[in-house]
Each structure stands twice: as structure tokens, then as C-alpha cells.
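Let me begin by presenting the structure, written as C-alpha cells, before commenting on it.
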């Protein structure tokens, strides 16, 4: 998706390994989000950053940490991966105006063995 | 807390017919937005339509319209003249006043038959 770039697109980890998912935007939006999508379920918010320099927990933050490196970049870190964290991870951005809905990256498919 | 409920795990429709995907919501925010996203098998999230809680008219975007009934707390998506390319997962989502955070429903898988 134009505007939001997630890397990597796919990753396989072993239990206990660490990993950082990267998200970068080129739309100059203030707010950035990390969601996870489990099979057959909707997206659930992990962490968000309302503006540069701030981060807050969402619905399912346990096992994750985030860093808002600058206005463009928002990373998600798994310190010690667990099989329950196998999911598709989406980064999203938001301008603050409901008439401009959240834009999503293409997702990162993460499998933890 | 916000909650979105999509009660139809799967829906089937004939090509060229209209289909309604149900969505009900619950929130204590006086101002909120309701969104529908499409997720094809390729996995990306595609924004379809938005309705603000204070909008007087139902939103429309091409073949998509949102049947917003505030008193019933429902925001159903209507797709007119279904096409084979409409086969996908559809998510209803709500955002409140808190920093644009979205709450999603569990989704409805729509299958369009030729």
C-alpha cells in the first residue's frame, strides 16, 4: 500500500527468539498503530503512538514493545517470541481527520515455531 | 469500551444482486466514526466507506452504501450489483475520540457466485 511500508513481509522464528517489525510512512501523519490479526478474527490493537514521542498500550500489549523512532517510523519488538504470537501484523497510520481513514500497510506474516 | 459485532460469519450472493452485511456497535463516546474495510485473499486492508456519528445522511461510495441507524446502533454495509471481485472478508470498525484507535468486528466472508 502506498504510504505505509512494513518490513519484513514474512518471517519464521523459533520460540524465544527476538525480532523487530518495522513500519515507515511517507504521508506525514501523526498517529501510528500496530494491530495483530489472528485466523478468523478481526484486528486487535497492540500499541499505538498518537504523536511523535508518545506510545500507549492497546488491547493486547503483553509480550510486545514499541518505539516511535521519529515521525516516520514505528517499530514493534518481540523480545522472546511465543507460538501464541503467530499472527499477521499490520501497521496503520492516521491523520487525525475521520474523513481520511486509517491507511494500512500490507502486513507481516509471522510464524513462531 | 467499544464493541463491534458482526453476526454473519459467511454470506453468499449471486453476481449482480445486492447484499447487506450486518454490523452493530456499542460505545459510550458521543462522537465516533464507523468504517468498513475489505480484505481480499491477498491480505491487504482496503478502506471502503466511512460514516460519522453526527452525519445526517447515509454514506455512499459508488456501489457501497452504509445503512446507518443510530438508535439501533447499527451500521450495515450494502453492496449493490455484486461482482466476482467482491468476494473477500469484510470488516466493520469503529473509532472514537481517543486518538483514532479502531475496534474491529470479527468479519464476514462474502462469496459472490457467478
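Chains as they are written, first to last, in the numbering used here: chain A, 1 to 113; chain B, 1 to 114. Heads up, the beta-carbon is just placed ideally off N, CA and C, and yes, glycines get one too.
Sub-8 Å separation of residue i and residue j beta-carbons
i: residue 115/A; j: residue 72/A; result: The structure shown does not extend to residue 115/A, since chain A spans only 1 to 113, so no value can be given for it.
i: residue 75/B; j: residue 63/B; result: no
i: residue 32/B; j: residue 89/B; result: no
i: residue 42/A; j: residue 100/B; result: no
i: residue 44/B; j: residue 106/A; result: yes
i: residue 37/A; j: residue 90/A; result: yes
Beta-ladder partner(s) of residue i, from DSSP
i: residue 76/B; result: 67/B
i: residue 65/A; result: 77/A
i: residue 109/A; result: 10/A, 88/A
i: residue 92/B; result: 36/B
i: residue 10/B; result: 109/B
i: residue 61/B; result: 64/B
i: residue 103/B; result: 94/B
Closer than 8 Å at the beta carbon, the chain E residues around residue i
i: residue 101/B; result: Among the protein chains of the structure shown, namely A and B, there is no chain E.
Cutoff 8 Å: residue i Cβ touching any chain B Cβ
i: residue 27/A; result: no
i: residue 94/A; result: yes
i: residue 74/A; result: no
Min CB distance residue i to chain A below 8 Å
i: residue 50/B; result: yes
i: residue 12/B; result: no
i: residue 61/B; result: no
i: residue 106/B; result: yes
i: residue 43/B; result: yes
Sequence-distant residues of the same chain with beta carbon closer than 8 Å to residue i, five excluded per side
i: residue 45/A; result: 33, 34, 35, 58, 59, 60
i: residue 14/A; result: 81, 112, 113
i: residue 8/B; result: 21, 22, 108
i: residue 60/B; result: 49, 66
i: residue 52/A; result: 30, 68, 70, 71
Contact set for residue i: own chain, Cβ-Cβ below 6 Å, skip 5 residues either direction
i: residue 111/B; result: 12, 87
i: residue 20/A; result: 75, 77
i: residue 102/B; result: 93, 95
i: residue 52/B; result: 33
Own chain residues within Cβ distance below 7 Å of residue i, not counting five before or after
i: residue 17/A; result: 81
i: residue 73/B; result: 24, 25, 26
i: residue 84/B; result: 15, 112, 114
Just to confirm the assignment: which complete alpha helix (DSSP H) runs, minimum length 4, are found wholly within the segment 18-43 of chain A? Complete alpha helix (DSSP H) runs here, min 4: none at all.
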